[in-house]
Amino acid sequence: MRHPLTSLAALIAALVTSPVPAQQTTPIPAPATTAPNPPAGPPLVLDRVHDNVGIAQQTAQAGKLQGRILWMDAGANVGNLNSIAKIQDIVGKVKAAGFNMIVLDVKPIVGDTVYPSRFAPKLTAWKEQTVAADLDVLRQMLLAAHTAGLPVYANLSTFGEGHKYVHRGLAYTHPDWQTILYEVDRSVSSYGGPAVPIAALDALPKNGDALTALTNAALLRTNRPGATVAVLNFDARVMAVHDGSNIKAAAIAIPPRGAALIGSGRAGQWLRANARPGAILTYAATPRYVRVRDAPEQAITMFCDPLNPDVRQHELDIVREIVTNYDVDGVVFDDRLRYAGLNADFGPRERVAFEQVVGKRLAWPDDVFRTSPYPNQDILPGPYFQPWLTWRAGVIQSWLADAAALIHEVRPQAQIAVYVGSWYGDYYKVASNWAAPDVAAPFPFLTPDYKKTGYAPLLDWLTTGCYYETPTLADSADTGVSPGATVEAAGQLSNLMVGDAAWTYAGLYALTYQGRPDQFARAIQAAAAATQGVMVFDMSQIIQFNWWDVIARAWEPGATPPAPNTIPDLLSEVRRRHAQDRQNGVPPPSFPPYLGVENTGF
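Just so we're aligned: 68 in my numbering is position 68 of the sequence shown, and the numbers increase by one with no gaps anywhere.
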């Protein structure tokens, strides 16, 4: 698909090249404050200044280019894509709704595939829905979509190889693939007394004798007859003790960095005997290493170790199989292209490899970090914490580089993309540095060495989960929502962090707007304004809510524009111009002072 631009260089040269004005703390609307095709409700006021940052953004706006992606989750859409007729019908609706790209999930979290694979089982059922074993959903989608002029990108859940809800996947078959998590066994004691185990953190006791620690006072809103609750401050001093039958009336508050201990039976007896107001208790935390199967906080995905050579090869085998056998327009790696968490992976493989990098034997895990024994307090970084963050991010970057080289070798025109959550401040924890290497942003982990692990230059486009209810910064001022918790602010941050290294498309979660189609339409327009396009997740909800017309009306009137990533050589020109600006001393854009919400889009 080629856009009628005669000179890409001339187009970019015509764009504004001076630095963006200093970041404002309130939105600055353009004189035309409403979107061209506004949904019902108040006018859509956009921050036109900071929605116009970067060469990629300015290029897309000047060329009237816009990515419009519909994501099709494999499991959720088994029943929607289980026949050729349904696939053809869906493609027609996608086209009519104004989308210009399809992402088809071909290997979801469970690790099964929607096509016949030599390396993974075929997905034939999910929940109550089934699909025939001989139906190649990927091939039929490619046939229908390409006939309609729509590109198709195959999505892979890269290091997720099993789903805990169904207890199935290759990570169950190969337990040595599973990531190993650093957890702790917590306990509490009184002066000179034996330690009492803390069975769980931020969970109410599941049996009559268990003791648990709570940092969230919302868990203490219902009476629990027979239980005892002790409230401790930041240094484990007992501030108050409450009878469980009076929890609701007591309106218990947890002090900053403090916790509440709750127990009944023998645990309650221990609290009544030892947790008296004014007493100082002693917390302890002993390291424990568990496979992801046995880690309750990893509730869904069976994450594999990204350093395991068998895991890395398996994922590359799947990639090679797809780009060899199918005429896909590209490959997408979703949010399992990462480690399972900050506490992963602490197995012997990672320890040996990291010690080789630093050149010494480490006190493990304390030289990396130590989990505070206090339930509501941060980790205690060790002397090798930052090198550990950088090294893990390099592990992810190196696999993606291998995958990119493979894709370009087999199918040179195929593109590479990634989905991530939009709050970049989360991603050092999981070693996914989706930024450009030359980005300027005030994150403490973003050291010169860490910046080198930025993998945006390996991509053609990236979509971020801007999964917020509030569309614009102006809306946040009207509703009292934090400015950072808006689609527009999340899109601005995403665009800034990618920094012209790839095209950026703000992602929306349709379920967020259930029952509010006008709000969904506003969110589409906010996403399209702040980045170079929109990704909508998931098609199953669009079908459930029958929102095809809502989406069609949300776009600017007129024919569906091309996506910028479909214009040959345009991204190369954007990158060239960006590098020229940096070489000429043009300062990077100012960083918006908006904090996103933790775990958004994960």
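Positions of the beta carbon are idealized from the N, C-alpha and C atoms, including for glycine.
Asked	Found
Extent of the continuous beta strand (DSSP E) run through residue 548	Premise fails: residue 548 lies in the alpha helix (DSSP H), 548 to 554, not in any beta strand (DSSP E).
Continuous alpha helix (DSSP H) stretch holding residue 276: start and end	Counting along the chain, residue 276 falls outside any alpha helix (DSSP H), and DSSP gives it neither H nor E.
For residue 584, the three-state DSSP class (helix, strand or coil)	coil
Endpoints, beta strand (DSSP E) assigned at residue 298	First-last for residue 298: undefined, no H or E at that position.
Counted within 10 angstroms of its Cβ, other Cβ atoms place residue 163 as buried (16 or more) or exposed	buried
Among 139, 148, 156, the one whose alpha carbon lies nearest that of residue 107	156
Those residues which DSSP pairs with residue 264 across a bridge	227
Per-residue DSSP class, three states only, for residue 66	coil
Between the CA atoms of residue 101 and residue 548 - distance to the nearest angstrom	15 Å
Backbone CA spacing between residue 154 and residue 540 [nearest angstrom]	17 Å
Burial state of residue 604, where buried means 16 or more other Cβ atoms lie within 10 Å	No information on residue 604 is available, as it lies outside the stretch 1 to 602 that the chain covers here.
Identity of the residue in 181, 198, 264 nearest residue 214 by Cα	198
Continuous alpha helix (DSSP H) stretch holding residue 494: start and end	487 to 498
Reference residue 447; option with closest CA among 463, 283, 385	385
Simplified DSSP assignment, three categories, for residue 532	coil
Simplified DSSP assignment, three categories, for residue 246	helix
Terminal residues of the beta strand (DSSP E) in which residue 155 lies	152 to 156
Separation of residue 64 from residue 586, as counted between CA atoms	25 Å
Of the listed residues 576, 542, 468, 494, nearest to residue 97 (C-alpha basis)	542
Residue 73, buried or exposed, once every other Cβ within 10 Å from all chains shown has been counted against 16	buried
Rounded straight-line distance, which links the Cα of residue 505 to that of residue 135	31 Å
Per-residue burial, residue 607 [other beta carbons within 10 Å of its own, 16 or more giving buried]	This structure does not reach residue 607, given that the chain is present from 1 up to 602, and the question cannot be answered.
Whole-angstrom distance between residue 598 and residue 58, CA atom to CA atom	29 Å
Residues near residue 521 by beta carbon distance below 7 Å, same chain, minus five either side	39, 550, 553, 554
Length of the line joining the Cα atoms of residue 224 and residue 249	12 Å
Helix, strand or coil at residue 422 according to DSSP, with G and I counted as helix	coil
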